[in-house]
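**Q** Going by the numbering used here, the sequence shown opens with residue 77, and the numbers climb by one from there. One structure is given below, represented as structure tokens, and several questions about it will come after.
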Amino acid sequence: MTTARLISREGASLKLSGLDVLDGTPIIDIKPYYPPYDQPVGEISIPEYIYRLKY
Numbered sequence: 077m078t079t080a081r082l083i084s085r086e087g088a089s090l091k092l093s094g095l096d097v098l099d100g101t102p103i104i105d106i107k108p109y110y111p112p113y114d115q116p117v118g119e120i121s122i123p124e125y126i127y128r129l130k131y
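Take a look at the structure:
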């Protein structure tokens with residue numbers, strides 16, 4: 077699951093930023109962001125392979 081920012085909406089089309097998908101990928105479901113439930117609790121870890129990725 078990814079938290080993304082809604083940039084704009086035109087009819088049924090949404091423009092988002094921060095979403096980890098390829099351009100043109102259909103979005104199946106969208107949920108509202110609710111901080112008390114959507115913020116991580118406790119320690120967060122990042123897998124080591126993430127640091128080896130080349131952008």
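Note that the Cβ used here is the ideal one computed from N, Cα and C, for glycine as well.
1) Please confirm whether residue 94 and residue 81 have their CB atoms less than 8 Å apart.
2) Taking the straight line between their C-alpha atoms, what separation do you get for residue 88 and residue 113?
3) Does residue 126 come out as helix, strand or coil in the three-state DSSP assignment?
4) Considering only their Cβ atoms, is the gap separating residue 105 from residue 60 smaller than 8 Å?
**A** Taking the structure as given:
1) Taking the sequence shown and counting its residues from 1, one reaches residue 94 at position 18. Taking the sequence shown and counting its residues from 1, one reaches residue 81 at position 5. Contact flag set, yes.
2) Sequence index remark: in the sequence shown, residue 88 carries index 12 (1-based). Sequence index remark: in the sequence shown, residue 113 carries index 37 (1-based). One C-alpha to the other measures close to 27 Å.
3) Locating residue 126 in the sequence shown gives position 50, counting from the first residue. Residue 126: helix per DSSP, three-state reduction.
4) A query on residue 60 cannot be resolved here, the shown segment of the chain reaching from 77 to 131 and no further.
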